[in-house]
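One structure is given here, and the rest of the page talks about it.
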Amino acid sequence: MSDLIIDYKKFPPDFTDQLKNKVIKFIDNGMVGLSKVLQDEFKIQKMFELYLNGNSYDLIALKANVDVAIVGFLSYKYGWFNKKEEMIKELMNNVSEKMKIVKLKQLNFIADAILTIQKYYHHKIDLYELTNNEEILDETSLDWIKIYFKFLDIVSKLEPKDKEEANTTNKSLPQINIQLPLNTQIEKISDSSIAIKPIDNTEDKALEEILKTLCEIKEKQSSS
Numbered sequence: 126m127s128d129l130i131i132d133y134k135k136f137p138p139d140f141t142d143q144l145k146n147k148v149i150k151f152i153d154n155g156m157v158g159l160s161k162v163l164q165d166e167f168k169i170q171k172m173f174e175l176y177l178n179g180n181s182y183d184l185i186a187l188k189a190n191v192d193v194a195i196v197g198f199l200s201y202k203y204g205w206f207n208k209k210e211e212m213i214k215e216l217m218n219n220v221s222e223k224m225k226i227v228k229l230k231q232l233n234f235i236a237d238a239i240l241t242i243q244k245y246y247h248h249k250i251d252l253y254e255l256t257n258n259e260e261i262l263d264e265t266s267l268d269w270i271k272i273y274f275k276f277l278d279i280v281s282k283l284e285p286k287d288k289e290e291a292n293t294t295n296k297s298l299p300q301i302n303i304q305l306p307l308n309t310q311i312e313k314i315s316d317s318s319i320a321i322k323p324i325d326n327t328e329d330k331a332l333e334e335i336l337k338t339l340c341e342i343k344e345k346q347s348s349s
């Protein structure tokens, strides 16, 4: 029997009872064949890579031409399971950070597109107001209006929410669902009262009304 002290409670979660018994028996019988495997660090590394790629202990033993008890012992000795979990966690964190960057880049691109469309229509509107030339309206493309409002809708879904505001919400208080009219917001008056007030978005509303007016003018011109 080997003098190696084994904590049976710390066997990896992916060990079957059968593999546990094989590893215990392997240790009790003096770990025959282990020293030869330990001399080949490249082989041990390849077995670990096979493990990371999702191969079972039996399959690793078959591919490496090694007793499965030795593979199980190496996994236990070097903590393959914990290392794999740490690598997965690190990869997920990296993916999460990259997705945040992607989301911010999306917001930046859409914001630039919205500003470009706004400049286009503002320019056309300014020219029309200066000249009253209806040809300007005829030449003005309305194709971007639907895209403009679609972009606004996407931005409202992509923009990050205020976490601090969410965290300060008292979860112990009863919650009530209220259907608010468009362009309104809730303002806290006191701990027991709120007020529903219109949102001051004069510029956005003005642009929206102008764009709608342009659509109506174009429709009238096409129908006449």
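Under the numbering used here, the first residue of the sequence shown is numbered 126, with each subsequent residue one higher. C-beta: ideal position from N, C-alpha, C; glycine also.
Going by beta carbons, Lys161 and Leu175 fall outside the 9 Å limit.
Burial state of Lys225 is exposed, judged by a 10 Å Cβ sphere holding fewer than 16 other Cβ atoms. Membership of Gly197 in the alpha helix (DSSP H) is indicated by the continuous run Val193 to Tyr203. The beta carbon of Leu252 is closer than 7 Å to those of Ile261 in its chain, skipping five residues each way along the sequence.
For Met172, the enclosing alpha helix (DSSP H) covers residues Glu166 to Leu177. Burial state of Ala236 is exposed, judged by a 10 Å Cβ sphere holding fewer than 16 other Cβ atoms. Leu267 carries a coil assignment under DSSP once its states are collapsed to helix, strand and coil. No Cβ-Cβ contact shorter than 9 Å links Phe206 with Val148.
Taking 9 Å as the cut-off, the beta carbon of Pro137 is found closer than this to the beta carbon of Ser200. Proximity of the stretch 259-275 to the stretch 236-246 meets the contact definition, three or more beta-carbon pairs being nearer than 8 Å. Rounded to whole angstroms, the separation of the alpha carbons of Tyr203 and Met172 is 12 Å. By the Cβ neighbour-count rule, Ile213 is exposed, with fewer than 16 other Cβ atoms within 10 Å of its own. Here Thr265 is buried: its Cβ has 16 or more other Cβ atoms, across all protein chains shown, within 10 Å. Distance check between Asp278 and each of Leu232, Ile250, Thr256 and Lys249 places Leu232 closest, using alpha-carbon atoms only. Rounded to the nearest whole angstrom, the CA to CA distance from Ala194 to Phe167 is 19 Å. Shown here for Val196: same chain residues with a beta carbon closer than 8 Å to its own, the five before and five after excluded, namely Met172, Tyr182, Ile185, Ala186 and Ala189 in chain order.
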